[in-house]
Structures are given as structure tokens and as C-alpha cells.
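Residue numbers (the working numbering): 187 to 521.
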């Protein structure tokens, strides 16, 4: 009978749970894992539970009730995980991992950053979970980079060793924004009046698209409407508003410039993988945008980045899949 471990992908609104098969494998050969091997997949509304322990117990007693109670667990969460005390920044849950492990009667419990999970999902995504943008082919064994605009801008790397993958957790989304022309210099100047410093996340995220729109209204002498990111992208795609069109185009270009810098920094010949909820909404437009041209525009290092492939991740549950991969590597090392 197959043994399963508990995995979770916990966000500010939903807590997604599943059971993942625990496999015997040789780390040198690699772990074979697919999304369709996850069972009892369920999403719980976090607001309905006072504590994370309550949510886990509800999942185990409900969707996972027909399976043997898991002894090992890995949970991805959108906040720092380097300490025993975890306090969610976008939820009321706060807890100690050591106490939660005892409370849930688990032998092992590990919390990882959400981008750690996303990075570990990449080697296990099928062709239907990725959409390629531009040229290039991934070089086996080289690092991969995972980044993408959503509520914020996350970034992680994945390197490889004889004992398995090594995740590089970063806060690269908070690096400084580097303008490349006079329009972007104006955007920077506009945002410096609004923020103490301007990180790339201030432009490549949901709020980032709104910031770009407001800065362009200021530059073009147009009255600013109170528009949210979906409104701006919607109007831009429909060609209903020239400032929204320009904002969306500039958003893709700036993200391309940043993504190229990431590829250079991590030596990501294994590919750069774009996650987050924004880009998949306008994937056809993204293909024809300046993203890839800016990604490759690295002067003397153009020859390095132009061969690096870029993909948009469209898998349904990459966070759970990545947590399952981390779980298997942890349990396998203990045997």
C-alpha cells in the first residue's frame, strides 16, 4: 500500500492541501513526480479557521479521511520560514512549528517559503504546465530561476548537486529598479516622491502596474483615474485607453529587463520560469510584447542570455507539487 505525506500551499485567502506519495529513489538519478500523483487535493478558506491546526485537522478529517494518517509534512507559506515562530503577513495565523508538529502528531514537519516550493516544482512540470516565450533551450544541470509578478514579486533559484536539488531563497524582488530610458527615469522620479526607495517590486507586481499607469498619466499630462491592475490591463488589451496601453507595454518591458538581470545573476542556463497570477491573463499579448527583447538586451552579455529559454508556468498546483518534491527529498535522506 502506498504511503503518503501531507503537503500544503498556504496563502492569505486559501490553504490548499493534498497527500503526496512517498517514493524510494536514487538522488543521483533524480525524483520522478507528477501533479496527477497528488491525491485528496482540496482548498480550504483560511478565514473559516481560527488556527492553522484547525485547518489541517479539518482537511485530515474530511478530504483525506480515507487515507492513512500521514507522519511527515511539508507546507509552503507566503512568509519567512527561517525561524520556529511563523507569523503570516497576510493572515491572522501565528504559530510555532515545533508546537504544531506535536499538536498534529507528526514525526516531521517542515515549512518552506512559497517560492522555494515553486522552484522545486519546475523539474516536475509536464509540457502542458509550461508555455515557452521566445527562443533558447534549457541546459541540463544548470541553475533555474523562478520569478513572477503577482501581489508582490518573488524570486528563487534552483541548483543541482549529487544529493539532489538546492534551493536558493532570495528577496531579489526588493532590489532597486534600474531605468533604461527617459520614460523610465520619469517613472522612477515620480515614484521616489511616493516611496523612500523604489524596488523592482514597485513596478513588477499588481501595484506595480498601477504605479506605472499613474506615472505615465503624470508624464503625459492626463488626469489619473482610480484604476486597479485588472482595469488597466483590460483597457490596455482592448485598446480603450492609450495610457493603459502604454502602461501594459512598459510593464512587460521593465519585467523583461529585470528577468534578464536575474538570468545573468543566477547563471540560469536551465531556464527562467515565470509564475504569479498576472502574466497568464494576457499570455498572447506577452508573446508579442517587448519582454523577450529586453530580456536579451544585455550588451556584451547578449550572447549569454539570448540562449536562455523563458517559460510561463500555467500548471494548476505548482506550489503543492514543489512541496511534494521537497517532502520526498527530506524523507528519502532520513532512510
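Backbone N, C-alpha and C define an ideal beta-carbon position, used for all residues, glycine too.
For residue 330, name the three-state secondary structure that DSSP assigns. strand
Start and end of the alpha helix (DSSP H) containing residue 361? It is not in any alpha helix (DSSP H) - residue 361 carries neither H nor E in the DSSP assignment.
Can you list, in chain order, the residues of its chain whose CB lies under 7 Å from that of residue 353, leaving out five sequence neighbours each side? 302, 305, 306, 342 and 344.
Determine the extent of the alpha helix (DSSP H) in which residue 418 is found, giving its start and end residues. 415 to 423
Assuming the contact rule is C-beta atoms closer than 8 Å, residue 310 and residue 219 should be a hit. Round their C-beta distance to whole Å, please. 5 Å
Would residue 503 be called buried (16 or more neighbouring beta carbons within 10 Å of its own) or exposed? buried
Under 7 Å between the Cβ atoms of residue 192 and residue 259? Against a cut-off of 7 Å, the Cβ pair of residue 259 and residue 192 comes out as a contact.
Apart from the five residues on each side of it in sequence, which residues of its chain come closer than 6 Å, Cβ to Cβ, to residue 507? 221, 307 and 310
At least 3 beta-carbon pairs within less than 8 Å: the region 399 to 413 vs the region 476 to 486: no
CB contact below 7 Å: residue 258 versus chain C: You won't find chain C in this structure, because it holds only one protein chain.
Using 8 Å as the Cβ pair cut-off and three pairs as the minimum, do the region 233 to 247 and the region 285 to 300 touch? With the cut-off at 8 Å, the region 233 to 247 and the region 285 to 300 touch.
State buried or exposed for residue 299, treating a residue as buried only when at least 16 other CB atoms are found within 10 Å of its CB. buried
Rounded Cβ spacing between residue 456 and residue 329 (contact assumed at less than 8 Å): 5 Å
Just to confirm, is the Cβ distance from residue 319 to residue 496 under 7 Å? In this structure, residue 319 sits near residue 496, with a CB-CB distance shorter than 7 Å.
For residue 408, the three-state DSSP class (helix, strand or coil): coil
Could you tell me the distance, in whole angstroms, from the CA atom of residue 230 to the CA atom of residue 368? 47 Å
Grab me the residues of residue 271's own chain with a C-beta within less than 7 Å of its C-beta, minus the 5 sequence neighbours each way, in chain order. For residue 271, where only same-chain residues beyond five positions count, the Cβ hits under 7 Å are 282.
Could you tell me whether the region 194 to 208 touches the region 246 to 260, where touching means 3 or more Cβ pairs closer than 8 Å? Under the Cβ criterion (8 Å, minimum of three pairs), the region 194 to 208 counts as touching the region 246 to 260.
Assuming residue 387 contacts residue 336 (C-beta within less than 8 Å), just tell me the rounded distance between them. Contact doesn't hold; Cβ gap of about 10 Å is too wide.
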